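Note that my numbering gives residue 950 to position 78 of the sequence shown, counting from 1, and the numbers run on in steps of one.
In this text, a Cβ means the ideal position worked out from N, Cα and C, and glycines have one as well.
Owing to the predicted nature of the structure, the values given are computational and were not obtained by experimental measurement.
This report refers to the structure that appears directly beneath it.
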Amino acid sequence: MKLHLIPLSLLALSIAANPIAGPHPGPEAAALAGPGPNPIAEPIPNPGPGPDALAGPGPGPESEPEAEPEPEPESFPPSQLFKRADKTCRVYTGDGNVACRTGAGTGYSVKYRVSASYRFGVRCKANGSNVMGNRVWDWIPGWGCWISAYYTRPADGTRSCETGVPWC
């Protein structure tokens, strides 16, 4: 197969000399369209609402003033607010590189690596794989993963992060 290359300037001259054939309206089409400009050639006005339609009805005789909203009574007075359910804990380990896993066990995949500087909320605890004699794992809802209780301590520095944490 042999390709023929045509210079672009010759191609443009060829197209200009031979316009694309097709139906062209004649005088009969103009007579059928009626007097005035051709409706196809004129821009069609937007039949939708204008930019002021989103603002709502303006002041006028048909609009009534809106009533002032009344404050709702407090459903929980401040003295009855509940304490946050999560216990704030931190990683407690020498290297500060603890796996937060997709399940309560070492067989689950690692979702995050957590250093000793991170603080997190523990929602509940569950039994899982044994890590250094500890089978308890803490659920971290903010990250959606589990950390072995062997590596966690309360943020206040006391001994056990799991004290007061419910079982899942």
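Cβ shell of residue i (< 7 Å), same chain only, five flanking positions each side left out
{"i": "residue 969", "result": "985 and 987"}
Residues of its chain near residue i, where Cβ-Cβ distance is below 8 Å and the 5 sequence neighbours each way are ignored
{"i": "residue 1006", "result": "1020, 1021 and 1022"}
{"i": "residue 955", "result": "Note that residue 955 has pLDDT 43, beneath the 50 cutoff, so the model's placement of it is unreliable and no number is given."}
Which listed residue (the options) has its alpha carbon closest to that of residue i
{"i": "residue 965", "options": "1035, 1037, 1004 and 1011", "result": "1004"}
{"i": "residue 1001", "options": "991, 994 and 976", "result": "976"}
{"i": "residue 996", "options": "978, 971 and 1018", "result": "1018"}
{"i": "residue 958", "options": "1024, 1032, 1025 and 1012", "result": "1012"}
{"i": "residue 962", "options": "978, 979 and 993", "result": "993"}
{"i": "residue 1033", "options": "991, 979, 974 and 1016", "result": "991"}
{"i": "residue 979", "options": "967, 1009 and 1037", "result": "1009"}
Delimiting residues of the beta strand (DSSP E) encompassing residue i
{"i": "residue 1040", "result": "Looking at the DSSP string, residue 1040 is not in any beta strand (DSSP E), and its letter there is neither H nor E."}
{"i": "residue 1006", "result": "1006 to 1012"}
{"i": "residue 984", "result": "982 to 986"}
{"i": "residue 1020", "result": "1017 to 1020"}
{"i": "residue 960", "result": "959 to 963"}
Where residue i sits in the DSSP three-state scheme
{"i": "residue 998", "result": "strand"}
{"i": "residue 971", "result": "strand"}
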